[in-house]
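The block underneath contains the structure these notes are about, expressed in structure tokens.
Residue numbers (the numbering used here), protein chains in the order written: chain E, 1 to 341; chain P, 1001 to 1341; chain F, 2001 to 2341; chain W, 3001 to 3341.
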């Protein structure tokens, strides 16, 4: 960390200030020849708060040289993390480290036929995981809020029928009690900085699919992952799902450069949700292919047997047939990229 | 709600589709003379999902004529809502309906002397409420997370000493158990769409200070308020605290046009947090004045006796002396606007 | 175009208002059964100003059903436009309609050896066009502003040596006098809404490479193209080059969903500039591949023989060797997508 | 300027690199004790390109300590710039340095009666300047593009009748020939980085009203001003007119924190355009007051005698009567702020 003092800052005061920093466990290297004195802080600066430094009347600028995250940082963990996740049959599916994890299924679980039918269809097409919402975060209190525990039960039946591991969203800590059979817990974009929830998930031993917040920077995504990892749970999958920008053609703006960015900074697997990012079913295949081309470790795609009658997000769901065609192309892309799907 | 069908949509299919809508309790008015048939939906459309409609292959565009919020909507409640809030002494302070509510205090409660000292100072300067964080949402798991329950106790002592009602942030439902003595519960920007939390707050009978999310539209802010109000708690204060934009000079971009926007759409009081919005103490007075000029019903301002040593957000805190000077000017602005402070 | 009148609007006044619209050459279809009267405007509404309508005290909302662009609109020109562009040797290169146009070269022309050397290298690697800046738009008046006319002469020499058509930026109308030998005229992002310039380019008969503005919506990009096309020049290539968002990891945020969006709305070819979009050389290959996967009709890539010594934008330039490796992979992607490169 | 070298950068290479920097006229101060060597560049660094430095394989980060603008920089010109501008009668009106400049008038000049009538009305209400568009930048080539030279003539008549200095937009260099009688030349938001135009305006001797681009940072606004000032024209007025964000309630998002930001960094006067920023006439008074409260040196407000029939931007124009009421309140605000209006 580099601290630039204000022009004309009193030399004695600067040394006193440096002394207070040293008490926080870092060494200070002075550079006094310039019009502005520059302090170089050597050591573990992850506990030092930039904003507190900036509040000091002597300080002009603060620059972090090392990123504030540690466990998520590729610097200390150079190899890609590969997660192995088993469904009911015992077969492990992989995400990361050269393996594409393809998660597919409906926005919401609606009934037994729907979820089991879709599960069988996406499995046949080549998906490795089944997604489906039981607890749904909806903008309006008057919209369908999901089947809740009944939806979870139906997901478990679909898991039993197909062997696919299931991925579903957790909205509050108390729901953990009923998440026993869930294989991957999803944290939604709106909860990415629900720190109480993240801490709790750090204590559990299931993989967490962490969706990027609508206005979250790359650093903030990794700090959210760090919350979970700091609690001892290293199984985190990052998910780019579109950010909010001025553009309204798509529901959100899919930021595919986040894939190389996150993968450079971190060893964690990064997947992409083209369905929520665009909100437009016809755009999903193009964006799914682009995600794999950009280096993503997988996808989470909304598939619905009857998008027009879906209880939520029908506009962005593709049919099982369209998903199957997409998988055919994705296998070619995976081959070009030398990845297993 | 207006539904524009695709050009060339089959007439019979359109009528069949209209029939499915009527089953949801609305009346349909056809306009078939154009190249595209237009359906006008008359009645309560708040339960009809735009996205489900858009998923239908016959539908081209959907336009909401009525806003999706009801209890927060000024249309059904034309007069300004004025909240009366008492601290320990029984004197009511008001926010809204011509009354400016000025909330001041430190980012975090640090110790008894600090919080009681600041409380006395801001009361003397003219603040009507004391703010202070006990449970702190921090970007990094390695930063100071607040004193928790001990912080709440200290806040209650400050309330006892000064009579000021206290405003503090709730981060998770289970914390409600210890919020008995709190007068106004704050929901942070990062939790604005934590729907489980909002629903729970709809069941409690305390005023809720709801901060706008970093990427929340005007409609989303009002839908978050609607979650609380739908549960039966009509005491909601909206708070503009800066949105995330491309600009990085300030921490966030204070959107003062949100004040007239929210007040036109809703009867709820709207206050402004110039401290978090700008992140810069020297900019707080200018933005506080501008907020009142733009029609805000109050402010929430960070005040710290020693910003340089603050455990968080020192960069944006003003001193009690600066706050006192600010209050002097704000009284002049309130006089011009014909408001009580 | 659909015009929703305010609730309670006087019937007579609405009819008088409708009459004024009919004088602008459209037919009006009334829908009066609802609480709000809805007018459907049938005919050519491209000359009717939404904002003027919204200024009227009777009008509540205005919704465009048809897009405001005509010549750029795929609706009236369903087939992909394919441009054929020849350099000095007479061989035509194609962009659009199944042909990938790959444009490569340095940010700035610096000297004869540099530009001819790079031209030969990128041609060998498979590029179809040479780019290079002679007139440079720079944020600072104190930065290198390009070699100007001398740079143009050097580009023409490189064209003569390699036969590659050249692509270079025009910053002002008067420069057209010296652009005779230029094959494709580039309009930079900052000039995308320099309407005087666009009109003038509508009168010339060279292909125009139109870069998306940093904050331009999909509709605005197409309206800028429409300015050129309305003047009679239909040879427009659209270029996505990153938009400005809150995210600062990359210089801009590459919006790859703009590719399917623009191609759905328009028949014009769409290419991508991964160099300016990311500002990071190491990210260029991933984003170049993703662009092709998302359906782009080509790329414009910065290649420099010695990025570290480049007079501008070295950070985002790749070496000829890296470009050559990238081309090898892109050929595989083109094969998967069934496109010629 | 501070240059942080990569961890493990070779010591000899770093010294060789530092030598190349010294040849650009700066002194280098080394700080080698840390894991990463830090170079402090002392002297005039405005000609050194951050991006070129970042392209070097040894460089990790670059931090500007001094801003890249000089003539616009308050550091070298601590006192507020006050511009004195005379109309036809010889009376000077002031903007900056404690004087509020109020510019009012229609979006477009439409005819003699309209512009003279509005000029007289806004003068009576207390405006110091008349605005009106003759050359209009319009998103659509099919929209009304302004009366051009005829419009300019009408503006001059209004100036003759009222004595008010006139403010109007220049869209291209060649229009300068007919701008003789214009008192303040406006550069529109879309031309803020039309560098050829800015350079030309640096050579003229009229005050320039420079509007902030839709996606321009504070630094970019000041660099655009620097282009004009570097040419020898120091009479620049900066204008905040709303930035583009995700929010669509208002046409743009008025960034009032830009006022204190620009005024801290620069000595130039800063005014605000609440009409274009919000696009909503009913919101103009609230935002105009807020701008003055936030420290603006003036306003540019759209006033139209018949907004409903305006040829452009009627939705955001207020009537002369509304403007007159607004001026009454603004005088009270000016009094509180100790400014002359």
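All C-beta atoms, glycine included, are put in the ideal place defined by N, C-alpha and C.
Just so you know, these numbers come straight off a predicted model, no measurement behind them.
- Chain P places a beta carbon closer than 9 Å to that of residue 194 of chain E, counting this residue as a contact.
- Per the DSSP secondary-structure output, residue 3061 of chain W pairs in a beta bridge with W/3004.
- When Cβ-Cβ separations below 9 Å define contact, residue 3075 of chain W makes no contact with chain P.
- Of all residues in the stretch 47–66 of chain E, the ones placed with a Cβ closer than 7 Å to any Cβ belonging to chain P are 47, 49, 51, 52, 54, 55, 56 and 57, in chain order.
- Following the DSSP letters along the chain, one finds residue 3227 of chain W inside the alpha helix (DSSP H) bounded by residues 3218–3230.
- The beta-carbon distance between residue 2119 of chain F and residue 2158 of chain F, rounded to whole angstroms, is 4 Å. This is short enough to meet the 8 Å contact definition.
- The shortest C-alpha to C-alpha distance from residue 1184 of chain P to any of P/1226, P/1010 and P/1201 is the one to P/1201.
- The stretch 3290–3304 of chain W makes contact with the stretch 3090–3107 of chain W, as at least three CB pairs between them are under 8 Å.
- Going by DSSP, residue 2104 of chain F is part of no alpha helix (DSSP H) but of the beta strand (DSSP E) stretching over 2101–2105.
- In its chain, beyond the 5 residues on either side, 3314 have a beta carbon closer than 7 Å to the beta carbon of residue 3308 of chain W.
- Residue-level contact by beta carbon holds for residue 1244 of chain P and chain E, with a gap shorter than 9 Å.
- Here the alpha carbon of residue 93 of chain E sits roughly 12 Å from the alpha carbon of residue 130 of chain E.
- Below the 8 Å Cβ cutoff, chain P contributes no neighbours of residue 2218 of chain F, its closest Cβ being approximately 15 Å away.
- Taking a cut-off of 8 Å on C-beta distances, the stretch 264–280 of chain E touches the stretch 244–251 of chain E, as three or more cross pairs fall below it.
- For residue 296 of chain E, no chain P residue has a C-beta closer than 8 Å to its own C-beta; the minimum C-beta separation is roughly 23 Å.
- Only those residues of the stretch 3145–3179 of chain W whose C-beta falls short of 9 Å from the nearest C-beta of chain F are listed: 3145, 3171, 3172, 3173, 3174 and 3175.
- Distances from the alpha-carbon of residue 165 of chain E to those of E/236, E/206, E/9 and E/63 put E/206 closest.
- In terms of beta-carbon proximity, residue 1283 of chain P lines the interface with chain W, with at least one pair separated by less than 9 Å.
- At a cut-off of 9 Å between beta carbons, residue 1140 of chain P contacts chain E.
- Between residue 238 of chain E and the set E/225, E/231 and E/138, the nearest pair of CA atoms involves E/225.
- Counting every other CB atom within 10 Å of its CB across the protein chains shown gives residue 1020 of chain P a total below 16, marking it as exposed.
- Taking a Cβ-Cβ threshold of 9 Å, the residues of chain W close to residue 2137 of chain F are 3193, 3194, 3195 and 3196, in chain order.
- Of all alpha-carbon atoms in F/2062, F/2061, F/2096 and F/2003, the one lying nearest the alpha-carbon of residue 2262 of chain F is that of F/2096.
- DSSP places residue 1275 of chain P inside the alpha helix (DSSP H), whose first and last residues are 1274–1278.
- Residue pairing by DSSP puts residue 168 of chain E in a beta bridge opposite E/185.
- Under the three-state reduction of DSSP output, residue 3253 of chain W falls in the strand class.
- For residue 52 of chain E, the secondary structure class from DSSP, reduced to helix, strand or coil, is helix.
- Counted as a single uninterrupted DSSP element, the stretch harbouring residue 1124 of chain P is not any beta strand (DSSP E) but the alpha helix (DSSP H) occupying residues 1112–1125.
- About 6 Å separates the Cβ atoms of residue 2132 of chain F and residue 2115 of chain F, confirming a contact at the 8 Å cut-off.
- Take the alpha-carbon of residue 2286 of chain F and the one of residue 2136 of chain F: they are about 27 Å apart.
- Nearest Cα to residue 3283 of chain W within the set W/3269, W/3318 and W/3151: W/3318.
- By the C-beta density criterion, residue 113 of chain E is exposed, having fewer than 16 other C-beta atoms within 10 angstroms.
- In terms of beta-carbon proximity, residue 2315 of chain F lines the interface with chain W, with at least one pair separated by less than 9 Å.
- Inclusion of residue 3123 of chain W and residue 3163 of chain W in the CB contact set at 9 Å is warranted, their separation being smaller than that value.
- In this structure residue 3228 of chain W does not touch residue 3268 of chain W by the C-beta definition: roughly 10 Å separates them, more than the 8 Å allowed.
- Residue 3094 of chain W is bridged by DSSP to W/3084.
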